[in-house]
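> There's a structure below that I have some questions on.
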Amino acid sequence: MSLPAVMQHTTRAPLTEPHQASTYLSERISGPSIYNFAVCLKTSTPATSSPLIGILGSPSYPEIGYLFSPLYSGKGYATEALLAFVPALFAIMPEEQKFAEALVDTQNVASIKLLQRCGWKRWGGVQEGDYTSPLLGVRDSVCYRIAREGCDLEDMVVQGREGEGFVPDLQ
Numbered sequence: 001m002s003l004p005a006v007m008q009h010t011t012r013a014p015l016t017e018p019h020q021a022s023t024y025l026s027e028r029i030s031g032p033s034i035y036n037f038a039v040c041l042k043t044s045t046p047a048t049s050s051p052l053i054g055i056l057g058s059p060s061y062p063e064i065g066y067l068f069s070p071l072y073s074g075k076g077y078a079t080e081a082l083l084a085f086v087p088a089l090f091a092i093m094p095e096e097q098k099f100a101e102a103l104v105d106t107q108n109v110a111s112i113k114l115l116q117r118c119g120w121k122r123w124g125g126v127q128e129g130d131y132t133s134p135l136l137g138v139r140d141s142v143c144y145r146i147a148r149e150g151c152d153l154e155d156m157v158v159q160g161r162e163g164e165g166f167v168p169d170l171q
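As structure tokens, this is what we get:
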């Protein structure tokens with residue numbers, strides 16, 4: 001979380017002090033609808049500490065988010081973590097919650113490809129000026145969703161930003 005490449009598509013600046021990282025992580029582990037995990041590499045010996053390569057979770061249903069170290073990109077770890085996480089999230093989310101969603105910077109190609117690889121579908125149009133990155137300024141985002149097993153995104157309507165009853169093109 002200290003690397004600009006990790007934090008550039010978030011609303012936070014890189015965390016340069018250990019106490020900042022501790023506070024950030026503490027905020028993400030307490031609360032009724034918070035479901036977060038550390039993603040660590042498995043080590044060959046139990047005595048060896050596992051390196052933290054990312055975090056993945058849901059700060060509040062149905063939204064999910066993740067941060068992964070670029071040092072481990074291209075090895076399939078983020079894909080493996082997201083594929084394992086989604087069924088676990090649906091297992092603890094209220095049954096009436098039929099989907100999970102991720103809001104992604106339109107220029108964050110790696111994140112968009114990760115979601116697509118894991119079966120997520122783009123939902124709705126570009127949200128211009130959706131958030132401000134301390135590193136990149138005002139940014140646009142897109143929403144990606146995945147349906148709970150047995151549910152179909154095409155049968156759902158969007159509530160909120162686009163207006164009730166709006167059904168977006170799924171890409």
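UniProt numbering applies: residue 1 is where the sequence shown begins, and numbers increase by one.
Heads up, the beta-carbon is just placed ideally off N, CA and C, and yes, glycines get one too.
What does DSSP give as the partner residue(s) for V142 in the beta ladder?
The partner list for V142 (beta bridge, DSSP) reads V104.
> Check whether the segment 44-55 touches the segment 86-94, counting contact only when three or more Cβ pairs, one atom from each stretch, lie closer than 8 Å.
Not touching, per the Cβ criterion.
> Consult DSSP for Y66 and reduce its assignment to one of helix, strand or coil.
Strand.
> Tell me the rounded alpha-carbon separation between Q171 and R122.
No answer about Q171 holds up, because its pLDDT of 48 lies below 50 and its placement is not dependable.
> Based on Cα-Cα distance, which residue from G137, S60, K42 and I53 lies nearest to P32?
Of the candidates G137, S60, K42 and I53, the one whose C-alpha sits nearest the C-alpha of P32 is S60.
> Return the first residue and the last residue of the alpha helix (DSSP H) that P18 is part of.
Element bounds for P18: P18 to E27.
> Here's the rule: buried if 16 or more other CB atoms are within 10 angstroms of the residue's CB, otherwise exposed. What is A38?
Label assigned to A38: exposed.
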